[in-house]
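Trainee: The sequence shown runs contiguously to residue 1619 in my numbering.
Ideal placement from N, C-alpha and C gives every residue a C-beta, glycine not left out.
These figures come from a predicted structure and were not determined experimentally.
Dropping a structure here in C-alpha cells format, bear with me for questions.
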Amino acid sequence: MASGVPLFGVTFRNPVLLAAGTCGFGREVSSVIRLETLGGFVTKSVTLLPRAGNPPPRVAEFGAGMLNSVGLANPGAEAVRRERLPWIEARLQALHVFVSIAGHTVEEYMEVVRVLDDGPGFLGYELNLSCPNDSERSGLPFALDPDALGCVVEGVRALTPRPLLVKLAPNTPDFGPVTSAAEEAGADALTLVNTVPGLLLDPRSGRPRLGAGSGGVSGRALRPLGLAAVRQVRALTELPLVGVGGIVRGRDAAAYLEAGASLVQVGTASFSDPRAPERVARRLAGWVRAGGTGLAGGAPARQRPGAGRRLGSPLGA
Ligand SMILES: Cc1cc2nc3c(=O)[nH]c(=O)nc-3n(C[C@H](O)[C@H](O)[C@H](O)COP(=O)(O)O)c2cc1C
C-alpha cells in the first residue's frame, strides 16, 4: 500500500477513501469491500430527520458512468448517533471516517452537528452542499452560492473542532469565490467534486430512466471535470484537497494526487467491482514505488513553496 498520509493530526493508512453515498455507514459494504485495506470512508449524507429518498429506479448506468438520484435516503441524525457510529467505533478503529452531512437550511446543518458531535467512531465531517438552499428564494444549491456556502461552514465551524471537509460542485462557474468563502469560514480541506446534473432518457418512450427524472452523473465521465477542478483550486488555496470523480484505476488516483490532491475517494467504481477501491490503493502504491508518473516532476512547481510537504502528498515533492 502507499505510505501513510499525515493529515488533520492523524495518519491515513493510504490516500484512498470510499466516497459519500457509495458505502452507506460502512456496515452495508463490510462483507464485500475489505475496508481495512483503505485509508477510510465518508458516510452516506445524514440529514436531521430520516429521509425515505426518491422513487425507483434511483440509478441508471450508461457507457461512461452512472446517473443517480437517491434523494439522500438516510436514517436521520439521531439514529446515526445511536446505531451507526457505535458500530463504526467497535469494528473499524483503524479507519478514519468522515460523516457527510446535508440540509436545506444553515440551521439544519448545525442541528445535525449538535446531535452527532459527541458521538464515537468518526474523525470529522464532510459538508455535502448540493441541497438547494430553501431559506433563500433563489433555491440555488449551497455549493453554487458563495455567501450561503460561507454561512454553512461558519455555522458548523462554531460548533466543532473536528476537521471539516467542504465538498464543492463541478459545475461551479468560478472556483475562486467558493474557495475563498470556504477557507475564510474555517474549512480544513475541500473535496472536489460532487456529481454533475444530468438526464438519461429511454429512447423508445422518451421518458427519464430515473424515477426522479434527472440526477447526478458519476463515474468515468466525471474524471476530467474532477481533475480540472482540483488543478484549478490547487492554484487558489493551500488547503488540502480531496479528489473524487471517476477513479477506477490506480493511475486515475495518481493523476488526482499529481493535480494537487492529498487524498482521493472512490465511489461508482465499487458498484461494478467491490474490489476496485482496494485495487486502486494497491496500484497507487505501485505507482509511488516506481517513482510516480511522468507527471510527478511537474507537480511541485505548480504548488506553492512547501505545499507538497504540508499536504503530505504520497507522491512527494
Ligand atoms: C449512488 C450514489 C449516491 C451518492 N450519494 C452521495 C451523498 O449522499 N452525499 C454526497 O456528498 N455525495 C454522494 N454521491 C457522490 C459521490 O460521493 C461522488 O462525489 C461522486 O459519485 C463522484 O465519484 P465517483 O465518480 O467515484 O462515483 C453519491 C454518488 C452515487 C453514485
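Are residue 1545 and residue 1561 close, meaning C-beta to C-beta below 8 Å?
Mentor: Taking the sequence shown and counting its residues from 1, one reaches residue 1545 at position 243. Taking the sequence shown and counting its residues from 1, one reaches residue 1561 at position 259. A contact, by the Cβ cut-off of 8 Å.
Trainee: Leaving out five residues before and five after residue 1510 in sequence, what residues of the same chain have Cβ atoms less than 8 Å from its Cβ?
Mentor: The residue you call residue 1510 lines up with position 208 of the sequence shown. Sequence-distant partners of residue 1510 (beyond 5 residues in either direction) whose C-beta falls short of 8 Å from its own C-beta, in its chain, are 1501, 1502, 1503, 1504 and 1516.
Trainee: Nearer than 7 Å: is that true of the beta carbon of residue 1247 relative to any heavy atom of ligand 1?
Mentor: The shown model of the chain, from 1303 to 1619, leaves out residue 1247, and the question about it has no answer.
Trainee: Quick one: residues in its chain with C-beta nearer than 6 Å to the C-beta of residue 1437, no 5 flanking neighbours on either side, listed in chain order?
Mentor: Counting from one through the sequence shown, the residue named residue 1437 turns up at place 135. Hits under 6 Å: 1407.
Trainee: Mind checking who residue 1362 pairs with in its DSSP beta bridge?
Mentor: Your numbering for residue 1362 matches position 60 in the sequence shown. According to DSSP, residue 1362 bridges with 1369.
Trainee: Distance, Cα to Cα, residue 1585 vs residue 1395?
Mentor: Numbered from its first residue, the sequence shown carries residue 1585 at position 283. Numbered from its first residue, the sequence shown carries residue 1395 at position 93. Answer to the nearest angstrom: the Cα atoms are 24 Å apart.
Trainee: Which partner residues of residue 1335 appear in the DSSP bridge assignment?
Mentor: In the sequence shown, counting from the first residue as 1, residue 1335 sits at position 33. Residue 1335 is not bridged to any residue.
Trainee: Kindly indicate which three-state DSSP category residue 1403 falls into: helix, strand or coil?
Mentor: Here residue 1403 corresponds to residue number 101 of the sequence shown, with the count starting at 1. Three-state result, residue 1403: strand.
Trainee: Going straight from the alpha carbon of residue 1596 to that of residue 1556, what length do you get?
Mentor: Position 294 of the sequence shown, counting from 1, holds the residue named residue 1596. Position 254 of the sequence shown, counting from 1, holds the residue named residue 1556. Here the model assigns residue 1596 a pLDDT of 46, short of 50, so the residue's position is not dependable, and the following value carries that caveat. Spanning the two alpha carbons is a distance of roughly 11 Å.
Trainee: What residue from 1591, 1452, 1433 and 1329 has the CA that sits closest to residue 1423's CA?
Mentor: For the purposes of this step, residue 1423 is taken as residue 121 along the sequence shown, with counting starting at 1. Residue 1329 is the option with its Cα nearest to residue 1423.
Trainee: So, under 8 Å CB-CB, residue 1374 and residue 1344 are touching, yes? Tell me the CB distance rounded to an integer number of Å.
Mentor: Position 72 of the sequence shown, counted from the first residue, corresponds to residue 1374. Position 42 of the sequence shown, counted from the first residue, corresponds to residue 1344. The Cβ separation is near 14 Å, so there is no contact.
Trainee: If you compare alpha carbons, which of 1568, 1477, 1421 and 1458 is closest to residue 1391?
Mentor: Residue mapping note: residue 1391 aligns to position 89 of the sequence shown, counting from 1. The candidate whose alpha carbon is nearest that of residue 1391 is 1421.
Trainee: To the nearest angstrom, how far is it from the Cα of residue 1306 to the Cα of residue 1582?
Mentor: On the sequence shown, residue 1306 is found 4 positions in, with the first residue counted as 1. On the sequence shown, residue 1582 is found 280 positions in, with the first residue counted as 1. Cα to Cα, residue 1306 sits roughly 15 Å from residue 1582.
Trainee: Count the CB pairs spanning the stretch 1484-1497 and the stretch 1453-1462 that are closer than 8 Å, and state whether there are at least three.
Mentor: yes
Trainee: Please say whether residue 1526 and residue 1334 have beta carbons closer to each other than 8 Å?
Mentor: Counting from one through the sequence shown, the residue named residue 1334 turns up at place 32. Counting from one through the sequence shown, the residue named residue 1526 turns up at place 224. Not closer than 8 Å, so no.
Trainee: Just to confirm the assignment, what range does the beta strand (DSSP E) spanning residue 1382 have?
Mentor: Taking the sequence shown and counting its residues from 1, one reaches residue 1382 at position 80. Looking at the DSSP string, residue 1382 is not in any beta strand (DSSP E), and its letter there is neither H nor E.
Trainee: In terms of residue numbering, what span does the alpha helix (DSSP H) encompassing residue 1482 cover?
Mentor: On the sequence shown, position 180 is the one that residue 1482 refers to. 1477-1486 is the span of the alpha helix (DSSP H), which, as asked, contains residue 1482.
Trainee: Give every residue of the same chain whose Cβ lies closer than 8 Å to the Cβ of residue 1312, excluding the five residues on either side of it in the sequence, and list them in chain order.
Mentor: Here residue 1312 refers to the residue found at position 10 of the sequence shown. Hits under 8 Å: 1398 and 1425.
Trainee: DSSP three-state label for residue 1491, please.
Mentor: Here residue 1491 corresponds to residue number 189 of the sequence shown, with the count starting at 1. Residue state, collapsed to three classes: strand.
Trainee: So does the stretch 1338-1355 actually touch the stretch 1378-1386, counting three or more Cβ pairs closer than 8 Å?
Mentor: yes
Trainee: Given residue 1448, which residues of its chain have a CB within under 8 Å of its CB, disregarding the five upstream and five downstream residues?
Mentor: Within the sequence shown, the letter at position 146 stands for residue 1448. Cβ within range, chain order: 1479, 1480, 1482 and 1483.
Trainee: How big is the Cα-Cα spacing for residue 1519 and residue 1587?
Mentor: Looking up residue 1519 in the sequence shown gives position 217. Looking up residue 1587 in the sequence shown gives position 285. The alpha-carbon of residue 1519 is positioned some 28 Å away from that of residue 1587.
Trainee: Report yes if the C-beta of residue 1324 is less than 7 Å from at least one heavy atom of ligand 1; otherwise report no.
Mentor: Locating residue 1324 in the sequence shown gives position 22, where the first residue counts as 1. Within the cutoff, so yes.
Trainee: According to DSSP, is residue 1526 helix, strand or coil?
Mentor: Position 224 of the sequence shown holds residue 1526. The three-state secondary structure of residue 1526, taken from DSSP, is helix.
Trainee: Whose C-beta lies closer than 7 Å to the C-beta of residue 1471 among residues of the same chain, with five residues either side of it excluded?
Mentor: Walking along the sequence shown from the start, residue 1471 turns up at place 169. So the qualifying residues of the chain are 1432, 1443, 1445, 1446, 1495 and 1496.
Trainee: If you run the structure through DSSP and keep just helix, strand and coil, what is residue 1589?
Mentor: Taking the first residue of the sequence shown as position 1, residue 1589 is located at position 287. Residue state, collapsed to three classes: helix.
Trainee: Given residue 1321, which residues of its chain have a CB within under 7 Å of its CB, disregarding the five upstream and five downstream residues?
Mentor: Position 19 of the sequence shown holds residue 1321. Once the five neighbours on either side are set aside, the close Cβ partners of residue 1321 are 1344, 1546, 1567, 1568 and 1569.
Trainee: Return the CA-CA distance between residue 1405 and residue 1339, expressed in angstroms with no decimal places.
Mentor: Sequence index remark: in the sequence shown, residue 1405 carries index 103 (1-based). Sequence index remark: in the sequence shown, residue 1339 carries index 37 (1-based). The alpha-carbon atoms of residue 1405 and residue 1339 are separated by roughly 31 Å.
Trainee: Does the Cβ-Cβ distance between residue 1370 and residue 1403 come in under 8 Å?
Mentor: Your numbering for residue 1370 matches position 68 in the sequence shown. Your numbering for residue 1403 matches position 101 in the sequence shown. Not in contact: residue 1370 and residue 1403 (Cβ atoms no closer than 8 Å).
Trainee: Can you look up residue 1440 in the DSSP assignment and give me helix, strand or coil?
Mentor: Counting from one through the sequence shown, the residue named residue 1440 turns up at place 138. Residue 1440: coil per DSSP, three-state reduction.
Trainee: Return yes when the C-beta of residue 1252 is under 7 Å from any heavy atom of ligand 1, and no when it is not.
Mentor: Residue 1252 lies beyond the range of the chain shown here (1303 to 1619); nothing can be said about it.
Trainee: Give a yes or no on whether the C-beta atoms belonging to residue 1535 and residue 1529 are separated by under 8 Å.
Mentor: Residue 1535 sits at position 233 when you count from the first residue of the sequence shown. Residue 1529 sits at position 227 when you count from the first residue of the sequence shown. The answer is no: Cβ separation not under 8 Å.
Trainee: Work out the CA separation of residue 1514 and residue 1598 for me, nearest whole Å.
Mentor: In the sequence shown, residue 1598 corresponds to position 296, counting from 1. In the sequence shown, residue 1514 corresponds to position 212, counting from 1. In this prediction, residue 1598 has a pLDDT of 47, which is less than 50 and means its spatial position is unreliable; what the coordinates show is noted afterwards. Taking the straight line from one Cα to the other gives about 43 Å.
Trainee: Rounding to the nearest angstrom, what Cα-Cα distance links residue 1308 and residue 1314 in this structure?
Mentor: By 1-based counting over the sequence shown, the position of residue 1308 is 6. By 1-based counting over the sequence shown, the position of residue 1314 is 12. Approximately 6 Å between the Cα atoms of the pair.
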